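Below is one structure, written out as structure tokens; comments come after it.
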Amino acid sequence: MSTFLAHLSQVIETHQAWTVPIIMLISLGESLVLVGLFIPATAVMLLIGGLVGSGVIGPVPVLVGAIVGAVLGDIVSYVLGRWLGPGIVHRPPLRRYRHAVAKTRLFFRKYGFAAVLIGRFLGPIRSTVPLVAGMMAMDQTRFQIANVLSAVLWAPVMLAPGWLAARGVAELDSLGGEHMIGLLALVLVATGIGTVAFARQLGRRDRTRRGRTLSAAARP
Numbered sequence: 001m002s003t004f005l006a007h008l009s010q011v012i013e014t015h016q017a018w019t020v021p022i023i024m025l026i027s028l029g030e031s032l033v034l035v036g037l038f039i040p041a042t043a044v045m046l047l048i049g050g051l052v053g054s055g056v057i058g059p060v061p062v063l064v065g066a067i068v069g070a071v072l073g074d075i076v077s078y079v080l081g082r083w084l085g086p087g088i089v090h091r092p093p094l095r096r097y098r099h100a101v102a103k104t105r106l107f108f109r110k111y112g113f114a115a116v117l118i119g120r121f122l123g124p125i126r127s128t129v130p131l132v133a134g135m136m137a138m139d140q141t142r143f144q145i146a147n148v149l150s151a152v153l154w155a156p157v158m159l160a161p162g163w164l165a166a167r168g169v170a171e172l173d174s175l176g177g178e179h180m181i182g183l184l185a186l187v188l189v190a191t192g193i194g195t196v197a198f199a200r201q202l203g204r205r206d207r208t209r210r211g212r213t214l215s216a217a218a219r220p
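220 is the number that full-length UniProt numbering gives the last residue of the sequence shown; the numbers go up by one with no jumps.
Here you go:
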């Protein structure tokens, strides 16, 4: 792992024009079903955040690349689930992971929209939630809203620790670092609380809608 990260850091520093494609591919792969299980996205994002904090690469292209890659990865997984349907879990190579997919289905049934929104942050299921959303025929518009919102929140959260570590406490202090850290923490907390509240509200709506649908179906 350390060798891979050192090599990746060297490649990015030497060929900075490849930074955006590299981070897009990493974010896309991290969101793809099965592929995401083998990509050390957390370590890579910490590394890239550190490169941003040290001034080696700019923050805006990195954030854009991470967000776009994450969104596209979830779209691909969703389309696969929608196209192949529930039977995909009985085909190789997903057959080996059908129990994990079954757990994700339970999670999705319970939380609906919120599952897609927060699933990106949950390592064990992050790459299967979009697939399950497609399998369960989640409304495409609602899926895309959750997909984009989660990617926009995920990218800075994953990059922030590496950025803060690279900047260093001393340098932040010289720039009014205490205020900067406090403001960053406040923004992240407020965004997280708002996102969770929004997700819970939509989750309740999903459960109410499903309950009404089941009641209507049960009527003679």
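Each residue gets a CB set at the ideal place from its N, CA and C atoms; glycine is no exception. No experiment lies behind these values; they were computed from the predicted model shown.
| Check | Outcome |
| --- | --- |
| If you compare alpha carbons, which of H15, L25 and L131 is closest to V64? | L25 |
| How big is the Cα-Cα spacing for T19 and S127? | 23 Å |
| Inspect the CB distances between the stretch 104 to 118 and the stretch 129 to 136 and report whether three or more fall short of 8 Å. | yes |
| Given a cut-off of 8 Å on the beta-carbon distance, is the pair A160 and R120 in contact? | no |
| Residue ranges of each alpha helix (DSSP H) run of no fewer than 4 residues wholly in the stretch 81 to 146, ordered along the chain? | 98 to 111, 113 to 119 and 129 to 135 |
| Which residue wins for smallest C-alpha separation from M158, given the options P40, A102 and L34? | P40 |
| Can you grab the Cα-Cα spacing for the pair M138 / A155, in whole Å? | 24 Å |
| Counting only the same chain and skipping the five closest in sequence on each side, list residues whose C-beta sits under 6 Å from that of G73. | L28, S31 and L32 |
| Could you tell me the distance, in whole angstroms, from the CA atom of residue 233 to the CA atom of Q10? | In this structure the chain extends from 1 to 220, so residue 233 is not present and cannot be described. |
| Between which two residues does the alpha helix (DSSP H) containing I57 stretch? | I57 -> no alpha helix (DSSP H), and no H or E assigned at all. |
| Between the Cα of residue 252 and those of V76, F107 and L47, spot the shortest distance and give me the residue it belongs to. | In the structure as shown, the chain begins at 1 and stops at 220. Residue 252 is therefore absent and cannot be evaluated. |
| Going by Cα to Cα distance, which pick from Q144, R82 and L5 is closest to G49? | L5 |
| Looking only at C-alpha atoms, which of V52, A43 and V129 sits nearest to R82? | V129 |
| Could you give the distance in angstroms between the alpha-carbon of G85 and the alpha-carbon of G53? | 43 Å |
| Between Q144 and V44, what straight-line distance do the alpha-carbon atoms span, to the nearest angstrom? | 25 Å |
| Can you give me the C-alpha to C-alpha distance between V101 and G87, rounded to a whole angstrom? | 12 Å |
| Would you mind working out which of G36, I75, V35 and T42 sits nearest A146, comparing C-alpha positions? | I75 |
| Does P161 come out as helix, strand or coil in the three-state DSSP assignment? | helix |
| Have a look at V79 and W163 and give me their C-alpha separation to the nearest angstrom. | 34 Å |
| For the candidate residues H7, I12, A151 and V68, whose alpha-carbon lies nearest to that of I57? | I12 |
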